[in-house]
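Numbering of the sequence shown is given in the UniProt record's numbering, commencing with residue 1 and proceeding in unit increments.
Structure record follows, encoded as structure tokens.
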Amino acid sequence: MSNRSNGYFGGRGGRGQRSWPSADYRGASGAPPEQLTNPGFYFTHVPAEIISRLKSSYSLLKKSENVRQMLVSYLESSENPYAFALQVVTECEDLFHNKANTLAAFVIEEFCTWARTREQQIKHNLTPQLKYDAFCLITMQRNGTLIKHVIDTFKMQDDNVLFLEKIKDFIATKKYKEACQCAVALGLMSHFSVDHIILPLVLQDKLSIAEEGLATDRRLQIELVTRLDQLVGERSLRNTVDHLIHQLEVPDVKLDRFASHKPLGKLISKLVKTFNLPTDTTPNLNQKRSAGALNFIFHKRFFEKSLSIDSWKEMAADAVKGNYTLQQDLVSMLAGFNEVEEALYWAVEFGIPQHKWPYNVSLLFRDDPLAKVEFPRPPAASGTDEKEDWGDQSDFHTLALPDSSIVMVDSEQLLKDCFDYISNHDCKMVGMDSEWKPAFGGQQNEVALIQLATWDRIFILDVIGMANVSPSVWHDALKLFFENPDIIKLGFSLGSDMVMIKSSIAPLANIKLNGTGYLDLASVWRHLQNKGINFPYSGENSNTGGESLSKLVSVTLGRALNKSDQFSNWELRPLRVGQMRYAALDAFVLLELYRDLQKLADQQGLPFLEICDEIIMGFRNKTAPPPGGYRRGRGRGRRPPRGHSNPGQGSSRGQEEGQEVLKDLGQEQDVRFMADSMLCALGRELRKCGVDCAILDRAVRNQPRCEEETMFKDIIEQDRIVLSKNSNIQWFEARLSPDYVYHVQSTAVTDQLKEILHNFNIIVKEKDVMSRCMDKVSQELMLELAGVPSESADNCISTEDSVDLDVAASQPTISENIRKWVLSENCSSISQGKTLLGAEIQIKKVPFGVLKNVHVFYICSLCGKVYWDGSHLGRYLKRCRENGTIQSSGQFSDAENA
1 MSNRSNGYFG GRGGRGQRSW PSADYRGASG APPEQLTNPG FYFTHVPAEI ISRLKSSYSL
61 LKKSENVRQM LVSYLESSEN PYAFALQVVT ECEDLFHNKA NTLAAFVIEE FCTWARTREQ
121 QIKHNLTPQL KYDAFCLITM QRNGTLIKHV IDTFKMQDDN VLFLEKIKDF IATKKYKEAC
181 QCAVALGLMS HFSVDHIILP LVLQDKLSIA EEGLATDRRL QIELVTRLDQ LVGERSLRNT
241 VDHLIHQLEV PDVKLDRFAS HKPLGKLISK LVKTFNLPTD TTPNLNQKRS AGALNFIFHK
301 RFFEKSLSID SWKEMAADAV KGNYTLQQDL VSMLAGFNEV EEALYWAVEF GIPQHKWPYN
361 VSLLFRDDPL AKVEFPRPPA ASGTDEKEDW GDQSDFHTLA LPDSSIVMVD SEQLLKDCFD
421 YISNHDCKMV GMDSEWKPAF GGQQNEVALI QLATWDRIFI LDVIGMANVS PSVWHDALKL
481 FFENPDIIKL GFSLGSDMVM IKSSIAPLAN IKLNGTGYLD LASVWRHLQN KGINFPYSGE
541 NSNTGGESLS KLVSVTLGRA LNKSDQFSNW ELRPLRVGQM RYAALDAFVL LELYRDLQKL
601 ADQQGLPFLE ICDEIIMGFR NKTAPPPGGY RRGRGRGRRP PRGHSNPGQG SSRGQEEGQE
661 VLKDLGQEQD VRFMADSMLC ALGRELRKCG VDCAILDRAV RNQPRCEEET MFKDIIEQDR
721 IVLSKNSNIQ WFEARLSPDY VYHVQSTAVT DQLKEILHNF NIIVKEKDVM SRCMDKVSQE
781 LMLELAGVPS ESADNCISTE DSVDLDVAAS QPTISENIRK WVLSENCSSI SQGKTLLGAE
841 IQIKKVPFGV LKNVHVFYIC SLCGKVYWDG SHLGRYLKRC RENGTIQSSG QFSDAENA
């Protein structure tokens, strides 16, 4: 074999030094670890013509069957296939290219696949020295997948102590990623402390790599979380982290997660949740959370004045429970806010020594030391069970039924009676809501109450009190109520309620989220707004909180809901009278809203029943496939059932005219998607077809907890189906339930697009193509685009700016008589270089020649991107017709000839 000049084939002595063994590996017994020689990368003789033939064949045919068969034939004829494969790899110049399409990667992958099928026949060729040299060779390149393949195929785990020093070398040279991956593959993580590998990786923000190492060792999990929690307790976090970095000598640190206690706390919470660690592992974080909760409710009580006195008392006691430091803080906060009587009450309640009381509290006590200390209440509320009144109660909507109509259901018999009443009294419509105790930080929410309201009775189901109810009773409730299509269940943002119910009540774990018979009034409200409904009290109550239930009640019924008891401890028993009335009203008002919304819509000639039927049918269409095949419902998608390529979409039992409404609607608008970051190409293709598809801009598992919660909230509120693949499917399903998730089976983007369009029965017409802004952040249909004459565009850009500009987002637009866009005629803001929504128009990205030759531009009001007609539209349409993506209607002939 001829000598090579490649320096990277050297051994431990240096890159330029080589140690060439004098004999081939032929299965000799191995030396003990301390007697292993420095690795030399000559393993066996491979004729030069074989190497040449492999290289030339791979350069022409790549990963073809012919090349694979050639390699297999050489392996089968070799005396030691392990040594043969390694020698071929050393001859590959592309070994260190760190790419998956190299000859070296191909040889390793094919050899590992072949060796697994012949392990019993060839494993006698493995020796400790061969394993050691193979490890040294493969870890010189950086493809982690190849490293894992070689470690597994060469059975290095059986002699893992051989490689301990090599991993220590990785740590010494600050190669923490390689050290972690190899230690995990070899089962050596237990030999290292958290400071050796895991903590440096966290400081470098390589959390996914660190989690691989943590997953194999409970000790390391607890060590890391404990170390991070100690940082939370430090007053000067940055100085402490800087000292830690200097002590560990970690290079390339990224301190975003250590910039303050808040992101660090989120990181700790994520780790605790991921590895299911006990809460007492993080005492400092728990202290911070409790202090934050106390400050939050103090602000709501005394600054926002949005918390009733009873809710404040409950939540304050819960926030400082068992925490002596926070109990003292509460007394001091109240004393400082001049709530001296209440400060005295809590000081006595908590048994705080008098010498630690604030001065004004001690002074009040000395004035009358024998007086009975009671929780202070305003005179209007004294002697009653009513909550404090921050304002005139006549300003709020109140319950129309007497208190005697509210029934607390807290036993198995009462639960049976509840559903029997609903069934026997022919209740065709029931208002439905749920309540749970507010949770702070990493605490988990669980449903405390479920409220069911009819026109003459309101049932409050005490979920906590019925923890021991027989599962069979809940299963009966499924048939009688939760999955009964003959009973319309009214709700507001029903998705979040149903997710909570499913996760909190084990017998209802398999309930179909948004199953048959559910009507979300939030969706009805949005549909009516889109059709231009006028609410009788919209002007008087324009400032009432957001798109909330209280806002809808305000604009429809004239007065908002009093939410002062919303933020209270719903797990305490017995419930207060104020809590009972609040919970009852939240469910009963849904019946009132349905009645009045129907009247308003009828008066204004709006198709109220058709809108409701459309929403209900959209929910129902998910449950089971119709006899004629699969239909796409408006609701959420799911993973295909075993043995089927399509998700189970069900038939509707709604009225025929309602089905006709669905047929007339643009179907790609009826379903919304959220594409996982690994399917961003699919997301862009869906948007090109006019389908509403948001795209995650980074891996879901790397998102901070706050962003993760916002993402899940958006998915539920916007009724989106998550499109994902591989292990992310289980991750999404564990947090959203399978009904929110669709498992994309195809690999190629074109096949993925066909799969989605087919399985959800989405018909794409030519007018739908390019009808949305391509900005993946924008989720809005381009309904507020502005047609800009090229003269106006000239005003926004100078000749100097237009030279050598890259083409901006060049997706074409078509004349307004063809497109679905609603074009604005108001150009007052456009002349200032901004859209009607205030976004800066990206006109400087448009080539100067286009500005001179194109007469009409379209601008996305949300992000300011500029679009115009282009010849590439014709090319895209032609490609779509060829692969069957769209239905041809001949509307774009002009564009295609452009």
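Backbone N, C-alpha and C fix where the C-beta goes; we use that ideal spot for every residue, glycine too.
Being a predicted model, the structure only gives us computed values, none of them experimental.
Query raised in the report: What did DSSP end up calling R875 once you bin it into helix, strand or coil?
Result: As a first step, residue 875 must be located in the sequence shown, where it is residue number 875. Three-state DSSP puts R875 in a helix.
Report task. Could you spell out the range, first to last residue, of the beta strand (DSSP E) harbouring D497? Result -> Reading the sequence shown from its first residue, position 497 is the one you call residue 497. Premise fails: D497 lies in the alpha helix (DSSP H), 494-504, not in any beta strand (DSSP E).
Query raised in the report: Ordered along the chain, which non-local residues of its own chain (more than five positions away) have a Cβ less than 7 Å from that of P251?
Result: Locating residue 251 in the sequence shown gives position 251, counting from the first residue. Answer for P251: K174, listed in chain order.
**Report entry** Residues near G605 by beta carbon distance below 8 Å, same chain, minus five either side
**Finding:** Here residue 605 corresponds to residue number 605 of the sequence shown, with the count starting at 1. Within the same chain, G605 has no close Cβ partners at all.
Report task. Assign S538 to one of three DSSP states: helix, strand, or coil. Result -> The residue given as residue 538 occupies position 538 in the sequence shown. In the structure shown, S538 sits in coil (DSSP, three-state: anything other than H, G, I, E or B).
**Report entry** Validate contact between the segment 212-225 and the segment 236-245 using beta carbons, cut 8 Å, 3 pairs
**Finding:** no
Report task. Could you say if the segment 360-377 and the segment 549-568 meet the contact criterion of at least three C-beta pairs nearer than 8 Å? Result -> no
Report task. Within 10 angstroms of the Cβ of N276, are there 16 or more other Cβ atoms? Answer buried if so, exposed if not. Result -> Position 276 of the sequence shown, counted from the start, is the residue given in the question as residue 276. Answer is exposed; the Cβ neighbour count stays below 16.
Report task. Measure the Cβ-Cβ separation of Y594 and M429 and say whether it is below 8 Å. Result -> The sequence position of residue 594 within the sequence shown is 594, counting from 1. The sequence position of residue 429 within the sequence shown is 429, counting from 1. Yes, Cβ-Cβ distance for Y594 and M429 is below 8 Å.
Query - Sufficient close CB pairs (3 or more, under 8 Å) joining the segment 468-479 to the segment 409-427 - result: yes
Query raised in the report: Going by C-alpha distance, which of D205, G265, R289 is nearest L255?
Result: Taking the first residue of the sequence shown as 1, we reach residue 255 at position 255. Comparing Cα positions, the closest option is D205.
**Report entry** Length of the line joining the Cα atoms of A748 and K99
**Finding:** Counted from its first residue, the sequence shown places residue 748 at position 748. Counted from its first residue, the sequence shown places residue 99 at position 99. Between A748 and K99, the C-alpha separation is close to 20 Å.
Query raised in the report: What does DSSP give as the partner residues of V194 in its beta bridges?
Result: If you number the sequence shown from 1, residue 194 lands on position 194. DSSP lists no partner for V194.
Report task. Determine, using beta carbons only, whether L490 and L591 come nearer to each other than 8 Å. Result -> Here the question's residue 490 lines up with position 490 in the sequence shown. Here the question's residue 591 lines up with position 591 in the sequence shown. For L490 and L591, yes; Cβs fall inside 8 Å.
Query raised in the report: Cα separation between E110 and R68?
Result: Along the sequence shown, read from residue 1 onward, the residue named residue 110 stands at position 110. Along the sequence shown, read from residue 1 onward, the residue named residue 68 stands at position 68. Those two C-alpha atoms are separated by around 7 Å.
Requested in this report: Let me know the secondary structure DSSP gives C880 once reduced to three states.
Outcome: By one-based count along the sequence shown, residue 880 stands at place 880. Here C880 sits in helix by DSSP.
Requested in this report: Can you have a look at F760 and say buried or exposed, based on whether 16 or more other CB atoms are within 10 angstroms of its CB?
Outcome: In the sequence shown, counting from the first residue as 1, residue 760 sits at position 760. Result: buried.
Report task. Would you check if the distance between the CB atom of V340 and the CB atom of N360 is smaller than 8 Å? Result -> As a working mapping, residue 340 is identified with position 340 in the sequence shown. As a working mapping, residue 360 is identified with position 360 in the sequence shown. Yes; because the gap between Cβ atoms is below 8 Å, this pair is in contact.
Query raised in the report: If you draw a straight line from the alpha carbon of C773 to that of E840, how long is it in whole angstroms?
Result: Looking up residue 773 in the sequence shown gives position 773. Looking up residue 840 in the sequence shown gives position 840. Distance between the alpha carbons of C773 and E840: 15 Å.
Query raised in the report: Quick one: Cα of K725 to Cα of R219, how far?
Result: Taking the first residue of the sequence shown as position 1, residue 725 is located at position 725. Taking the first residue of the sequence shown as position 1, residue 219 is located at position 219. Between K725 and R219, the C-alpha separation is close to 32 Å.
Query - Per DSSP, the bridge partner or partners of G833 - result: Within the sequence shown, the letter at position 833 stands for residue 833. Paired residues: none, contrary to the question.
Query raised in the report: Where does W436 sit, in a helix, a strand or coil, going by DSSP?
Result: Reading the sequence shown from its first residue, position 436 is the one you call residue 436. Residue state, collapsed to three classes: strand.
**Report entry** Alpha carbon of R289 to alpha carbon of G690, nearest angstrom
**Finding:** As a working mapping, residue 289 is identified with position 289 in the sequence shown. As a working mapping, residue 690 is identified with position 690 in the sequence shown. When rounded, the distance between both Cα atoms is 44 Å.
Report task. Please determine if the segment 460-467 and the segment 402-417 are in contact, where contact requires at least 3 C-beta pairs separated by less than 8 Å. Result -> yes
Query raised in the report: Quick one: complete alpha helix (DSSP H) runs, 4+ long, within the segment 254-286?
Result: 261-274
Query raised in the report: Quick one: what does DSSP say K765 is sitting in, helix, strand or coil?
Result: As a working mapping, residue 765 is identified with position 765 in the sequence shown. K765 falls in the strand class under three-state DSSP.
Query - Residue-chain proximity (Q327, chain B), Cβ-Cβ < 8 Å - result: Absence of chain B from the displayed structure is noted, only one protein chain being present.
Query - Paired residues, beta bridge with F673 - DSSP - result: Position 673 of the sequence shown holds residue 673. In DSSP, F673 forms a bridge with C693, I721.
Report task. Let me know if A584 comes out buried or exposed under the rule of 16 or more other beta-carbons within 10 Å of its beta-carbon. Result -> Residue 584 sits at position 584 when you count from the first residue of the sequence shown. Buried is the call here.
Requested in this report: Taking 8 Å as the threshold, find out whether the segment 226-233 comes into contact with the segment 255-266 through three or more Cβ pairs.
Outcome: yes
Report task. Over the uninterrupted beta strand (DSSP E) stretch that includes V225, give me the two end residues. Result -> Here residue 225 refers to the residue found at position 225 when the sequence shown is read from its first residue. Not the beta strand (DSSP E): V225 falls in the alpha helix (DSSP H), residues 218-232.
Query raised in the report: Can the beta-carbon of V225 be found closer than 8 Å to that of V272?
Result: Taking the sequence shown and counting its residues from 1, one reaches residue 225 at position 225. Taking the sequence shown and counting its residues from 1, one reaches residue 272 at position 272. Going by C-beta atoms, V225 is nearer than 8 Å to V272.
Query raised in the report: A477 bridges to which residues according to DSSP?
Result: The residue labelled residue 477 in the question sits at position 477 within the sequence shown. Beta-bridge pairing links A477 to no other residue.
Query raised in the report: Given that a residue counts as buried once 16 or more other Cβ atoms are within 10 Å of its Cβ, and exposed if not, what is S308?
Result: Within the sequence shown, numbered from 1, the residue matching residue 308 stands at position 308. Answer is buried; the Cβ neighbour count reaches 16.
Query - Exposure label - T117; buried when at least 16 CB within 10 Å - result: Locating residue 117 in the sequence shown gives position 117, where the first residue counts as 1. Classification of T117: exposed, given that the 10 Å Cβ count is below 16.
Query - Neighbour-count burial assignment, L452, 16 or more Cβ in a 10 Å radius - result: If you number the sequence shown from 1, residue 452 lands on position 452. The residue in question, L452, is buried, as its Cβ has 16 or more Cβ neighbours within 10 Å.
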